[in-house]
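J.: In this note's numbering, the protein residues as written are 19 to 387.
Pasting a structure here, questions to come.
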Amino acid sequence: MAHHTLLVLGGYGFFGTRICHALAGNKHIHLLVAGRDAARARALTTQLGLPPRQALALDAHAPGLAPRLAELGVDTLIHTAGPFQGQDYRVACAAIDAGANYIDLADGRDFVAGIASLDARARQRGVFVTSGASSLPALSSAVVDRYLPRFRQLTSIRHGIASGARAPGLATMTGIFSYCGKPFQRLVAGRQARTHGWLDLQRHRFAAPVGRRLLGSCDVPDLALFPQRYPGLETVTFHAGFAGAPGHLFVWAAAQLVRLGLLRSLVPLAKPLHAISHWLEPLVSDKGAMFVTMQGVGLDGLPLTLTWQLLAAQNHGPHIPCGAAIALATQLASDGAPAPRGAMPCVGLLTVEAYLAALQGYDVTEVPA
Ligand SMILES: NC(=O)c1ccc[n+]([C@@H]2O[C@H](COP(=O)([O-])OP(=O)(O)OC[C@H]3O[C@@H](n4cnc5c(N)ncnc54)[C@H](OP(=O)(O)O)[C@@H]3O)[C@@H](O)[C@H]2O)c1
């Protein structure tokens, strides 16, 4: 008998759909699929074999969200309705006020890093609130935590993601495009250094069969969180890239125009490029990958470099960002160990094994360091 009511806001979105598919069959979970479009929510519940009453029209930004969540008896809310860059914490606050746990997939640097400002409020209500339950920083920090005991001193973390042909949803693309060509700071060789979104072009070689991919710098939560979490760190960088080089270079060139002040923002390009990426999908590699390279001094006092990788094929890469939310929701709904109380970025909450266990059945292969 299901006893844990889980509401996925943005439940029929690109990542929300995958999360709902993974959790719909969990006998402990009563799943509610929500977004602003009731018809799309209903279409997904039908596909999942759930009754239409489990589909809801809900606007994250409309007043009265907290009483609505309380009325629905929501135990945990998963918030996927990005972009999170520039969003405030009204959804998290509504969840807390309704006495519900809150998990989001945010990739906004300030948004994820600032979630701890809700700590006292969440503790007072006795709920668990976490931000960034996704590839970054949940999986990236789990990887670093796993290899940390092999270092006497970890000095550098360089990591990145190359996507496969299947483009993520509009919210993800809009979030990335919001900082393309815009300046931001990151720690390099012990100093805060300026870079620009999607610039700092690099060619990275992933393990076969992914091979070489173009990557550009991204403004992500890890740039703020890792220097606090891993004392003595001198460098943290993150780069990402599209599967096809022409598409990657097109956005790189457009980001240059933003940097030069000739274009104000790439956000207006998100929708048309999102549509074009769908048409191009059959022409582009279905493989994607993530890498984390850690450098420092090993336990023997000698320089140590370790690289961990995750490879995805058959366009299964888009399941990876869903792993943390699925794993955490499964834990919350089970009768296992109670979740921590308070509000925190999603670091140190999952091991790599727990994260990847949520992706079983997909063509996702770990290449340990
Ligand atoms: N941290 C990481 O590593 C990482 C990695 C990948 C993605 N992400 C995050 O994942 C988020 C979701 O991405 P996606 O690709 O799934 O986007 P998407 O396909 O555009 O989905 C967004 C969903 O939110 C709903 N929505 C938008 N505004 C809403 C509102 N005001 N109230 C209620 N629902 C609303 C949308 O439906 P309606 O418009 O019909 O309401 C849609 O279902 C992105 O914002 C990105 O930040 C994070």
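Beta carbons are placed, not taken as given, at the ideal position from N, Cα and C, and that holds for glycine.
The model shown is predicted, which means the values in this text are computed figures rather than measured ones.
Kindly identify the DSSP beta-bridge partner or partners of residue 223.
T.: 230
J.: Compare the C-alpha of residue 339 against each of 374, 137, 271, 349 and name the closest.
T.: 374
J.: Leaving out five residues before and five after residue 69 in sequence, what residues of the same chain have Cβ atoms less than 8 Å from its Cβ?
T.: 63.
J.: Ignore the nearest five residues each way along the sequence and tell me which others in residue 121's own chain have a CB closer than 6 Å to its CB.
T.: 96, 148, 151, 343, 346
J.: Since residue 36 sits in a beta bridge, which residues does DSSP pair it with?
T.: DSSP, once it has assigned bridges, lists no residue as partnering residue 36.
J.: What is the DSSP secondary structure of residue 240, reduced to helix, strand or coil?
T.: Of the three classes helix, strand and coil, the one that applies to residue 240 here is helix, per DSSP.
J.: So what does DSSP say about residue 252, is it helix, strand or coil?
T.: coil
J.: Do residue 100 and residue 124 count as a contact pair if the criterion is CB distance below 8 Å?
T.: yes
J.: Quick check on the burial criterion: 16 or more other C-beta atoms within 10 angstroms. Buried or exposed for residue 270?
T.: buried
J.: Are the beta-carbon atoms of residue 192 and residue 310 separated by less than 8 Å?
T.: no
J.: Ligand 1 and residue 106: does the residue's C-beta get closer than 7 Å to at least one heavy atom of that ligand?
T.: no
J.: Going by Cα to Cα distance, which pick from 363, 274, 289 is closest to residue 160?
T.: Comparing Cα positions, the closest option is 363.
J.: Tell me which residues share the same chain as residue 272 and place their Cβ nearer than 6 Å to its Cβ, disregarding the 5 neighbours each side in the sequence.
T.: Scanning its chain for C-beta atoms nearer than 6 Å, with the 5 sequence neighbours on each side dropped, one finds around residue 272 the residues 284, in chain order.
J.: Kindly indicate which three-state DSSP category residue 303 falls into: helix, strand or coil?
T.: coil
J.: When you compare only the Cα positions, how much space is there between residue 84 and residue 238?
T.: Near 29 Å, if we compare the C-alpha coordinates of residue 238 and residue 84.
J.: Within 10 Å of its beta-carbon, does residue 385 have 16 or more other beta-carbons around it, so buried, or fewer, so exposed?
T.: exposed
J.: Ignoring anything shorter than 3 residues, give me the beta strand (DSSP E) runs that lie fully in the stretch 284-330, in order along the chain.
T.: Qualifying beta strand (DSSP E) stretches, in chain order: 306-316, 321-330.
J.: If I measure Cβ to Cβ from residue 14 and keep anything under 8 Å in the same chain, skipping five residues before and after, which residues do I get?
T.: Limits of the chain in this structure are 19 at one end and 387 at the other, which puts residue 14 out of reach.
J.: Could you tell me which uninterrupted alpha helix (DSSP H) segments, each at least 4 residues in length, are contained entirely in the stretch 116-143, listed from first to last along the chain?
T.: Taken in chain order, the complete alpha helix (DSSP H) segments of 4 residues or longer contained in the stretch 116-143 are 127-131, 137-143.
J.: Compute the Euclidean distance between the alpha carbons of residue 266 and residue 35, then round it to the nearest angstrom.
T.: Residue 266 and residue 35: Cα-Cα distance of roughly 26 Å.
J.: Using the Cα positions of residue 213 and residue 257, report the straight-line distance between them to the nearest angstrom.
T.: C-alpha separation (whole angstroms): 11 Å.
J.: Does DSSP put residue 153 in a helix, in a strand, or in coil?
T.: For residue 153, the three-state secondary structure derived from DSSP is helix.
J.: For residue 130, collect the residues of the same chain with a Cβ closer than 6 Å to its Cβ; drop the 5 residues on either side in sequence, then sort them by chain order.
T.: 124, 149, 150, 239, 363
J.: Give the C-beta separation of residue 186 and residue 336 to the nearest angstrom, bearing in mind that I take them to be a contact with Cβ-Cβ under 8 Å.
T.: 6 Å
J.: What's the call for residue 297, buried or exposed, on a 16-neighbour Cβ count within 10 Å?
T.: exposed
J.: Terminal residues of the continuous alpha helix (DSSP H) containing residue 203?
T.: Here residue 203 belongs to no alpha helix (DSSP H); instead the beta strand (DSSP E) covers 201-206.
J.: Identify whether residue 42 lies in helix, strand or coil by the three-state DSSP scheme.
T.: coil
J.: Pull the bridge partners of residue 350 from the DSSP assignment, please.
T.: Beta-bridge pairing links residue 350 to no other residue.
J.: With distances taken between CB atoms, is the gap from residue 25 to residue 78 smaller than 8 Å?
T.: No, they are not a contact pair.
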